[in-house]
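Structure first, then comments.
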Amino acid sequence: MASKALPMFPQAAKTALSNSQLRRNLGKATTTIRAKRAAVVSELPDWEALRSAGSSIKARTMRHLDEYLLQLETAVQHAGGQVHWARDAAEANRIITELVQATGADQVVKVKSLTTDEIHLNKALAAAGIRAIETDLAELIIQLAGETSSHILVPAIHKNRSEIRDLFRHTIARGQDLTDDPQQLAAAARRYLREQFLSAQVAVSGANFAIAETGTICVAESEGNGRMCLTLPRTLITVMGIEKVLPTFQDLAIFLQLLPRSSTGERMNPYTSLWTGVTQGDGPQTFHLVLLDNGRTNVLADDVGRQTLHCIRCSACLNICPVYSRTGGHAYGSVYPGPIGAILTPQLVGVKQAKSLPYASTLCGACYEVCPVKINIPEVLLHLRGKVTRLASPLDPEALAMRELARIFASPKRYEQAQQLARSGQRLFIHGGVIDHLPGMLAGWSTARDLAPIPRQSFRDWWRERQRGDQI
Amino acid sequence: MKKSAKDVMLARIRAATANAPEPPPVPYDFRERDERDRAAILEDFIERLVDYKAIVTRTEDASLPQAVMDACQQQGIIQLVVPADLPSRWIPSGIKVLRDDPPLTIAQLDESSGVLTGCAIAIAQTGTIILDGGATQGRRALSLIPDRHLCVVRAEQVVGLVPEAIARLVERATHPITLISGPSATSDIELSRVEGVHGPRTLYVFVVSDR
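Here you go:
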């Protein structure tokens, strides 16, 4: 588990907001994908029924997760695969590194996987002298640029085509005459990666779903890089969070409808691969499945937070979020950005390490409405805010102020005295009929909001006067 | 004795869920079948294939080889990779054939410009073709490495909805399965769609019905 505190969201967001290219690219990406999603979702008259079924299957799976994982393990082993259990990132990285070393290979091809980003696998492999080659186009771009992802689905959305052309000219397409036409750029990546695919000995992938009943693993993708990695190398190592398991093969009937429509806004993504252990004469002949905890069992133990584990990483909540669609992913300081990241990251790394993330939301609830598995993100955000507040020291100025306020609100007399005091004290701060900045520690609150001044007469004052018969 | 990672993780899960309530049963209220007539379903299938930039030809059993020949000429395919068990009556006589028997090398597949396979099932709702490694389909590398994938879909293999296809696949669940919806694609650069990245850049579909 990461023990270092993440950067505070408001500061990180400020940097992101001042980057006009990022804002333009993000605005275009989120609105485009959002519209595509809305169009394909509206094609399905039973969308809400699918969401309910998906949510319900996930809830039942989490309740009996131990049984499903054991069933999955048995099924994978039965089909000729090997299963490894990893309590945390370090253990997963050690297992994978040793598995690669055992093959004698010094490089691996990788299918895009958030889970391997989460555990910083590439860094761990590099430390052991193993080169990890990202094969998803966007992942390749950010790997070559030495950057991190800004969007779950389209990680390089912060970069423009001309930047990508310049990057390729310095790296994978030296000496090639390259324009900034996306077609040409994709072709350059194809040429470079094809050599890697055709000669690769080991591939590392994540998993979208794993079927307990059959031991079948599912990876959904678009470019065909996934199929290349899952088919051509001799050894395949798949890392999956323990929450990715589904009870039965038939459950795919629901999730293969929910995922592509929510994610890329397509009826179906171009390629979905399903495989079970090893098949003689077809594909990798050695298969390893690494089951990763890395904080997930902490999430599972929380009655409200548990639903976070239902997430199928579609990114619909990112695209709809008024905060994410302006700040982008980097501001969240984690591989999981957006509304889902704001609830998943603090639970995975500890609320203390990511205490600004539950506040990176307006609580508008749009994320809940689009979530294909009905994760009530606003509910979990509020729950986590409560945890953050309870973490604060009793001497924390905000906690002190809140306690004092509670004392004032508890007594009508004290309340009216405070009102009286504020009425005379506020004069200095009223501009144009509103209080637009507060002094000292209260300034943070008023930088984003105006406050109505306390009126000269309160309702209770007026009522008292009326009873005395002063006014009509 | 030190506890294994597996024991620790299972113990954590059991402790985490011990007091969790039993969730309500799963509501299976979504559509499991497309009840419309075959013609409408087939029409949807073709429309959605075209929508995802696949090339579609409707043909009959007897004229399939000619349709394959036309496609090869149009696509400039001079040598066609075929699975070991692909029926000879599908293959036009004027084309050089590379049968995957004995298994072709990756280099041979990389050098060939097209592959002809059948499929297991197809889904109209999503324009999806499913290969499960069964008859006429061969191993996965065949339909992956050559740049053009020519695929024969028999009308009776087309089902309406995703759940119908999954129900039919259950028996073949543990075979390598690939769902293909259009040619490979990426939208990673400024979200502009490029068709054809690593998988076949052209998907050519023959919809065969007995008329």
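Read top to bottom, the protein sequences are chains A and B.
The working numbering puts the first sequence at residues 25 to 496.
The working numbering puts the second sequence at residues 1031 to 1241.
From the three backbone atoms N, C-alpha and C, an ideal C-beta is built for every residue, glycine too.
### Message
Please report the distance separating the alpha-carbon of isoleucine 1136 (chain B) from that of aspartate 70 (chain A).
### Response
As a working mapping, residue 1136 (chain B) is identified with position 106 in the second sequence. As a working mapping, residue 70 (chain A) is identified with position 46 in the first sequence. Cα to Cα, the separation comes out at about 44 Å.
### Query
For the region 268 to 338 of chain A, which segments carrying the alpha helix (DSSP H) assignment without a break, of at least 4 residues, lie completely within its bounds, in sequence order?
Counting whole runs of 4 or more residues, the region 268 to 338 of chain A contains the alpha helix (DSSP H) stretches 276 to 287, 320 to 324.
#### Entry: Simplified DSSP assignment, three categories, for leucine 1174 (chain B)
Position 144 of the second sequence, counting from 1, holds the residue named residue 1174 (chain B). Three-state result, leucine 1174 (chain B): coil.
#### Entry: Pairwise C-alpha distance: valine 323 (chain A) and glycine 1168 (chain B)
Counting from 1 along the second sequence, the entry for residue 1168 (chain B) is found at position 138. Counting from 1 along the first sequence, the entry for residue 323 (chain A) is found at position 299. Distance between the alpha carbons of glycine 1168 (chain B) and valine 323 (chain A): 43 Å.
### Query
Where does lysine 134 (chain A) sit, in a helix, a strand or coil, going by DSSP?
Locating residue 134 (chain A) in the first sequence gives position 110, counting from the first residue. In the structure shown, lysine 134 (chain A) sits in a strand (DSSP, three-state: E or B).
### Message
For glutamine 131 (chain A) and isoleucine 165 (chain A), which I take to be in contact (beta-carbon distance under 8 Å), what is that distance rounded to the nearest angstrom?
### Response
The sequence position of residue 131 (chain A) within the first sequence is 107, counting from 1. The sequence position of residue 165 (chain A) within the first sequence is 141, counting from 1. With a beta-carbon spacing of about 19 Å, glutamine 131 (chain A) and isoleucine 165 (chain A) fall beyond the 8 Å limit used to define contacts.
### Query
Taking the C-alpha atoms as reference points, what is the distance between glycine 1164 (chain B) and asparagine 43 (chain A)?
Along the second sequence, one-based indexing puts residue 1164 (chain B) at 134. Along the first sequence, one-based indexing puts residue 43 (chain A) at 19. Roughly 53 Å between the two C-alpha positions.
### Message
Tell me the DSSP secondary structure of serine 1239 (chain B) in three-state form.
### Response
Position 209 of the second sequence, counting from 1, holds the residue named residue 1239 (chain B). Per DSSP, reduced to three states, the secondary structure at serine 1239 (chain B) is coil, with no helix or strand assignment.
### Query
If you draw a straight line from the C-alpha of alanine 40 (chain A) to the C-alpha of proline 346 (chain A), how long is it?
Numbered from 1 along the first sequence, position 16 holds the residue referred to as residue 40 (chain A). Numbered from 1 along the first sequence, position 322 holds the residue referred to as residue 346 (chain A). Cα to Cα, alanine 40 (chain A) sits roughly 14 Å from proline 346 (chain A).
### Message
With a threshold of 7 Å between beta carbons, is proline 382 (chain A) in contact with chain B?
### Response
Working through the first sequence from its first residue, we reach residue 382 (chain A) at position 358. No - not a single Cβ of chain B is within 7 Å of the one on proline 382 (chain A).
### Task
Can you say whether arginine 111 (chain A) is buried or exposed, counting buried as having 16 or more other CB atoms within 10 angstroms of its CB?
Residue mapping note: residue 111 (chain A) aligns to position 87 of the first sequence, counting from 1. Arginine 111 (chain A) is buried by the Cβ-count criterion.
### Query
Unbroken beta strand (DSSP E) runs of length 3 or more, entirely within the region 1103 to 1127 of chain B: which are they?
1109 to 1112
### chain B within 7 Å of proline 294 (chain A), Cβ atoms only
Looking up residue 294 (chain A) in the first sequence gives position 270. Residue-level contact check: proline 294 (chain A) touches chain B, since one or more beta carbons of chain B fall below 7 Å from its beta carbon.
### Task
May I ask you to report which of helix, strand or coil DSSP gives arginine 1231 (chain B)?
As a first step, residue 1231 (chain B) is located in the second sequence; it is residue number 201 there, counting from the start. Coil.
#### Entry: CB contact below 7 Å: glycine 307 (chain A) versus chain B
Here residue 307 (chain A) refers to the residue found at position 283 of the first sequence. Taking Cβ atoms only, chain B reaches closer than 7 Å to glycine 307 (chain A), which makes this a yes.
### Query
leucine 13 (chain A) and isoleucine 1207 (chain B): beta carbons closer than 7 Å?
Because chain A is modelled from 25 through 496, residue 13 (chain A) falls outside the range shown and cannot be assessed.
### Query
Name the chain B residues that come within less than 7 Å of lysine 52 (chain A), Cβ to Cβ?
Mapped onto the first sequence, residue 52 (chain A) falls at position 28. Chain B residues near lysine 52 (chain A): Leu1221.
### Query
Short check: CB of aspartate 1140 (chain B) to CB of alanine 1114 (chain B), under 7 Å?
On the second sequence, residue 1140 (chain B) is found 110 positions in, with the first residue counted as 1. On the second sequence, residue 1114 (chain B) is found 84 positions in, with the first residue counted as 1. Result no, Cβ atoms of aspartate 1140 (chain B) and alanine 1114 (chain B) do not sit closer than 7 Å.
### Task
Compare the C-beta of leucine 89 (chain A) against all C-beta atoms of chain B and say whether one is closer than 7 Å.
Here residue 89 (chain A) refers to the residue found at position 65 when the first sequence is read from its first residue. For leucine 89 (chain A), the answer is yes, since a Cβ of chain B falls inside 7 Å of its Cβ.
### Task
Indicate the three-state DSSP secondary structure (helix, strand or coil) for cysteine 242 (chain A) in the structure shown.
Start at 1 with the first residue of the first sequence, and residue 242 (chain A) comes out as number 218. The answer is strand: DSSP assigns cysteine 242 (chain A) an E or B state.
### Task
Let me know the secondary structure DSSP gives glycine 128 (chain A) once reduced to three states.
Here residue 128 (chain A) refers to the residue found at position 104 of the first sequence. In this structure, glycine 128 (chain A) counts as coil in the three-state DSSP scheme.
### Query
Applying the criterion that 16 or more other CB atoms from any shown protein chain within 10 Å of the CB defines a buried residue, is glycine 199 (chain A) buried or exposed?
The count along the first sequence starts at 1 and reaches residue 199 (chain A) at position 175. Glycine 199 (chain A) should be labelled exposed.
### Query
How big is the Cα-Cα spacing for leucine 256 (chain A) and arginine 214 (chain A)?
Within the first sequence, numbered from 1, the residue matching residue 256 (chain A) stands at position 232. Within the first sequence, numbered from 1, the residue matching residue 214 (chain A) stands at position 190. When rounded, the distance between both Cα atoms is 16 Å.
### Task
Compute the minimum distance between the beta carbon of glycine 352 (chain A) and the heavy atoms of the ligand NAP, and state whether it is under 6 Å.
Although the ligand NAP was asked about, the structure shown includes no ligands whatsoever.
### Query
For isoleucine 100 (chain A) and chain B, any beta-carbon pair shorter than 7 Å?
Within the first sequence, the letter at position 76 stands for residue 100 (chain A). At residue 100 (chain A) the sequence reads valine, which differs from the isoleucine that was named. It does not: the Cβ of valine 100 (chain A) has no partner Cβ on chain B nearer than 7 Å.
### Task
Just the chain A side, please: which residues come within less than 8 Å of histidine 1179 (chain B) by C-beta, in chain order?
Taking the first residue of the second sequence as 1, we reach residue 1179 (chain B) at position 149. The premise fails here: histidine 1179 (chain B) is roughly 11 Å from chain A at the closest Cβ pair, so nothing lies under 8 Å.
### 7 Å Cβ shell around alanine 148 (chain A) - same chain, five flanking residues per side excluded
Counting from 1 along the first sequence, the entry for residue 148 (chain A) is found at position 124. These residues qualify, in order along the chain: Asn117, Thr121.
#### Entry: Three-way DSSP call (helix, strand, coil) for glutamine 1155 (chain B) in this model
Numbered from 1 along the second sequence, position 125 holds the residue referred to as residue 1155 (chain B). If DSSP states are grouped into helix, strand and coil, glutamine 1155 (chain B) belongs with coil.
### Query
With 16 as the cutoff for other CB atoms within 10 Å, does histidine 455 (chain A) come out buried or exposed?
Your numbering for residue 455 (chain A) matches position 431 in the first sequence. Around the Cβ of histidine 455 (chain A), a 10 Å sphere holds fewer than 16 other Cβ atoms; the residue is exposed.
### Residue from A:Lys52, A:Leu30, A:Pro31 whose Cα sits closest to the Cα of arginine 350 (chain A)
For the purposes of this step, residue 350 (chain A) is taken as residue 326 along the first sequence, with counting starting at 1. If we check each option's Cα against that of arginine 350 (chain A), A:Lys52 comes out closest.
#### Entry: Nearest residue (CA-CA) to threonine 172 (chain A), options A:Val412, A:Gly353, A:Thr195, A:Glu187
Start at 1 with the first residue of the first sequence, and residue 172 (chain A) comes out as number 148. Residue A:Gly353 is the option with its Cα nearest to threonine 172 (chain A).
### Segments of 4+ residues assigned as alpha helix (DSSP H) that fall wholly inside the region 166 to 192 of chain A
none
### Task
Check each residue of the region 1053 to 1071 of chain B: if its Cβ is closer than 9 Å to any Cβ of chain A, include it; give the result in chain order.
Pro1053, Pro1054, Pro1055, Val1056, Pro1057, Tyr1058, Asp1059, Phe1060, Arg1061, Glu1062
#### Entry: Below-7 Å beta-carbon distance, glutamate 247 (chain A) vs any chain B residue
Along the first sequence, one-based indexing puts residue 247 (chain A) at 223. Judged by the 7 Å Cβ criterion, glutamate 247 (chain A) is in contact with chain B.
### Message
Suppose the cutoff is 7 Å on Cβ atoms and the five residues either side in sequence are ignored; what does the same chain contact list for arginine 193 (chain A) look like?
### Response
Taking the first sequence and counting its residues from 1, one reaches residue 193 (chain A) at position 169. Counting only Cβ-Cβ distances below 7 Å, and skipping sequence neighbours, we find Leu202.
### Task
Determine the DSSP secondary structure at glutamate 1220 (chain B), reduced to helix, strand or coil.
For the purposes of this step, residue 1220 (chain B) is taken as the residue at position 190 of the second sequence. Glutamate 1220 (chain B) falls in the coil class under three-state DSSP.
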